[in-house]
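Data first, discussion second: the structure below is written as structure tokens.
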Amino acid sequence: MTDLPQDHAAAAGSSAALPPDATTVAAAYRELTAGAGLVDRSASGKLALTGAEARTFLTGQVTADVEALAPGTGTYAALLTPKGKIVADLRILHVGRSDEDVELLLLCERSGLQALFDHLRRHLVGYDVELHKRTLQLGLLSLVGPRADGVAGAAAAGLGAEEHASAASEVDGVAVRLVRTAAGVDVLPAGDDVDAVRDALVARGAVPVDDDAAEVLRVEAGRPRLHHEMDDSVMPAEAGIVERAVSFTKGCYVGQETVARLHWRGRPNRHLRGLRLDRAVPVGTVIVQDGRELGRVTTSVDSPAHGPIALALVRREVEPESTVVLRPGEGGPTSARVVALPFRHAGPGSTA
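Here it is as structure tokens:
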């Protein structure tokens, strides 16, 4: 999720390039940090699980304790390979009316949707559970910034501060679901109502912004994203999502043995770190120290607040406040200072 989960498909065209035009990003950044920016993530992946055993089934597939979810609550989780590497990350929302009427809404990166769907479908046999596609049936409009609650409406305040809390609501008479995020509020209308709800939110003061500016906030908050900082070569501990995504008190799930062994007896070989750059560098830039390759840049942005910054998976011996050398394909070597994450504390929201 994209965790500020954003739709990977929307960003894929620019992910390997240098940061986009600073003037455009700076204007959008102001809305996201001082107002209410509106990011349309309707193309992101969405599935649903229904049935009496939906929570039990999903608890056995992902890292989080889904069994404990009550209506209106949610959690962040990861789907892993048997060796404990990340296949997909997702937000899980209990949107059913009661513990007897269970419906779990799964929100994920579009790039992880097929793998998630295929895995769940393969393992459903023997459970009282039905799997539903929701990507086209539901929109997803992210309100980001300190004015997000005011734009979303009075019901947003009732969500409280707990991330992933959700409730049914309306926007100008149109049914929606509001979801608390780390950066504000997500508004989920029916697919056919996306345009009407978007227009209504803009009329209330939201300003549409593109994904490039939202990426800056994600990097500042230090939240990894699927197929940037996370893929099937990366473990949850390396991506820094254990605290948010992993339960060590629930029963078995795919990849549990490796995750638990690393947590209790070892330490990861790599960590997700921030880089303060002398100049912008492209994704994939090699990071070296004393002539040894220690990692690669996974996301690179130009922050109006911090200047050129990046996320990188680096060897565990690379400590915050150390200096490393970056070797991009063009422009010659440049230096960077390694920093602990986040670059700044996220406000009342950043998507999963």
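Using UniProt numbering, you'd call the opening residue of the sequence shown number 1 and step up by one each time.
Virtual Cβ for every residue (Gly too), placed ideally from N, Cα, C.
Cβ neighbours of proline 333 in the same chain (closer than 8 angstroms, five flanking residues each side left out): The residue you call residue 333 lines up with position 333 of the sequence shown. Closer than 8 angstroms at the Cβ level, and outside the excluded window around proline 333, lie Val325, Leu326 and Arg327.
Anticipated Cβ contact below 8 angstroms, phenylalanine 248 with alanine 260, distance rounded: Numbered from its first residue, the sequence shown carries residue 248 at position 248. Numbered from its first residue, the sequence shown carries residue 260 at position 260. So it is a contact: roughly 7 angstroms between Cβ atoms.
Simplified DSSP assignment, three categories, for tyrosine 29: For the purposes of this step, residue 29 is identified with residue 29 of the sequence shown, where counting begins at 1. Residue state, collapsed to three classes: helix.
Environment of aspartate 101 [buried if 16+ CB atoms lie within 10 Å]: Within the sequence shown, numbered from 1, the residue matching residue 101 stands at position 101. With fewer than 16 Cβ atoms within 10 Å of its Cβ, aspartate 101 is classed as exposed.
Three CB pairs or more closer than 8 angstroms across the region 292-310 and the region 101-121: No, the region 292-310 does not touch the region 101-121.
Given valine 254 as reference, the closest of Glu31, Ser44, Leu58 and Thr24 once Cα atoms are compared: As a working note, residue 254 is residue 254 in the sequence shown. For valine 254, the nearest C-alpha among the options comes from Leu58.
Status (buried if at least 16 other CB within 10 Å, exposed otherwise) for valine 125: Translated into positions along the sequence shown, residue 125 becomes position 125. With fewer than 16 other Cβ atoms within 10 Å, it is exposed.
Those residues which DSSP pairs with isoleucine 86 across a bridge: For the purposes of this step, residue 86 is identified with residue 86 of the sequence shown, where counting begins at 1. The partner list for isoleucine 86 (beta bridge, DSSP) reads Leu80.
Local Cβ density within 10 Å of valine 66, reported as buried at 16 or more and exposed below that: For the purposes of this step, residue 66 is identified with residue 66 of the sequence shown, where counting begins at 1. That one is buried.
Alpha-carbon to alpha-carbon, arginine 244 and residue 360: Here the chain has residues from 1 to 352 only, and residue 360 is not among them.
Minimum C-alpha distance to alanine 68 - residue among Gly45, Leu178, Ala54 and Val179: Translated into positions along the sequence shown, residue 68 becomes position 68. Considering only alpha carbons, the answer is Ala54.
Segments assigned beta strand (DSSP E), at least 3 residues, entirely inside the region 114-155: Within the region 114-155, the complete beta strand (DSSP E) runs of at least 3 residues are 130-133 and 141-144.
Alpha carbon of residue 401 to alpha carbon of valine 185, nearest angstrom: Missing from the structure shown is residue 401; the chain here goes from 1 to 352 and no further.
Residues bridged to leucine 50 [DSSP beta-bridge criterion]: Within the sequence shown, numbered from 1, the residue matching residue 50 stands at position 50. As written in the sequence, residue 50 is threonine, which differs from the leucine given in the question. DSSP output for threonine 50 lists Glu103 and Glu130 as bridge partner(s).
Closest by C-alpha distance to glutamate 330, when choosing among Leu277, Val281 and His271: Walking along the sequence shown from the start, residue 330 turns up at place 330. Among Leu277, Val281 and His271, the Cα nearest to that of glutamate 330 belongs to Val281.
Where the beta strand (DSSP E) through histidine 271 begins and ends: Locating residue 271 in the sequence shown gives position 271, counting from the first residue. Element bounds for histidine 271: 270-277.
Closest by C-alpha distance to alanine 52, when choosing among Arg180, Gly96 and Ala28: Locating residue 52 in the sequence shown gives position 52, where the first residue counts as 1. Minimum Cα distance to alanine 52 is reached at Gly96.
Reference proline 224, options Val297, Asp99 and Lys46, closest by Cα: Counting from one through the sequence shown, the residue named residue 224 turns up at place 224. Nearest C-alpha to proline 224: Val297.
Sufficient close CB pairs (3 or more, under 8 angstroms) joining the region 84-92 to the region 226-236: yes
Spatial distance of alanine 157 from leucine 140 (CA atoms): Start at 1 with the first residue of the sequence shown, and residue 157 comes out as number 157. Start at 1 with the first residue of the sequence shown, and residue 140 comes out as number 140. Going by the C-alpha atoms only, they are around 19 angstroms apart.
Span separating the alpha-carbon of glycine 45 from that of arginine 110: Position 45 of the sequence shown, counting from 1, holds the residue named residue 45. Position 110 of the sequence shown, counting from 1, holds the residue named residue 110. Roughly 4 angstroms separates the two Cα atoms.
Sufficient close CB pairs (3 or more, under 8 angstroms) joining the region 149-167 to the region 258-272: no
Straight-line gap, histidine 271 to valine 174 (C-alpha atoms, nearest Å): On the sequence shown, position 271 is the one that residue 271 refers to. On the sequence shown, position 174 is the one that residue 174 refers to. Histidine 271 and valine 174: Cα-Cα distance of roughly 44 angstroms.
Which listed residue (Cys108, Glu130 and Leu217) has its alpha carbon closest to that of proline 342: For the purposes of this step, residue 342 is identified with residue 342 of the sequence shown, where counting begins at 1. The shortest Cα separation from proline 342 among Cys108, Glu130 and Leu217 belongs to Leu217.
DSSP beta-bridge partners of glutamine 289: Taking the first residue of the sequence shown as 1, we reach residue 289 at position 289. According to DSSP, glutamine 289 bridges with Arg292.
Residue burial classification, glutamine 61 (beta-carbon count within 10 angstroms, cutoff 16): Here residue 61 corresponds to residue number 61 of the sequence shown, with the count starting at 1. Result: buried.
Reduced DSSP category for alanine 43 - H, G, I as helix; E, B as strand; rest coil: In the sequence shown, the residue the question calls residue 43 occupies position 43. Note: alanine 43 maps to coil in three-state DSSP.
C-alpha distance - arginine 315 paired with glycine 274, whole-angstrom precision: Walking along the sequence shown from the start, residue 315 turns up at place 315. Walking along the sequence shown from the start, residue 274 turns up at place 274. Inter-residue distance for arginine 315 and glycine 274 is about 13 angstroms (C-alpha atoms, whole angstroms).
Residue burial classification, leucine 256 (beta-carbon count within 10 angstroms, cutoff 16): Within the sequence shown, numbered from 1, the residue matching residue 256 stands at position 256. For the record, residue 256 in the displayed sequence is glutamine; it is not leucine. By the 10 Å Cβ count, glutamine 256 comes out buried.
Reference leucine 32, options His306, Asp210 and Ile92, closest by Cα: Here residue 32 corresponds to residue number 32 of the sequence shown, with the count starting at 1. Ranking the options by Cα distance to leucine 32, first place goes to Asp210.
Cβ neighbours of serine 322 in the same chain (closer than 6 angstroms, five flanking residues each side left out): Your numbering for residue 322 matches position 322 in the sequence shown. Same-chain partners within the cutoff: Val338.
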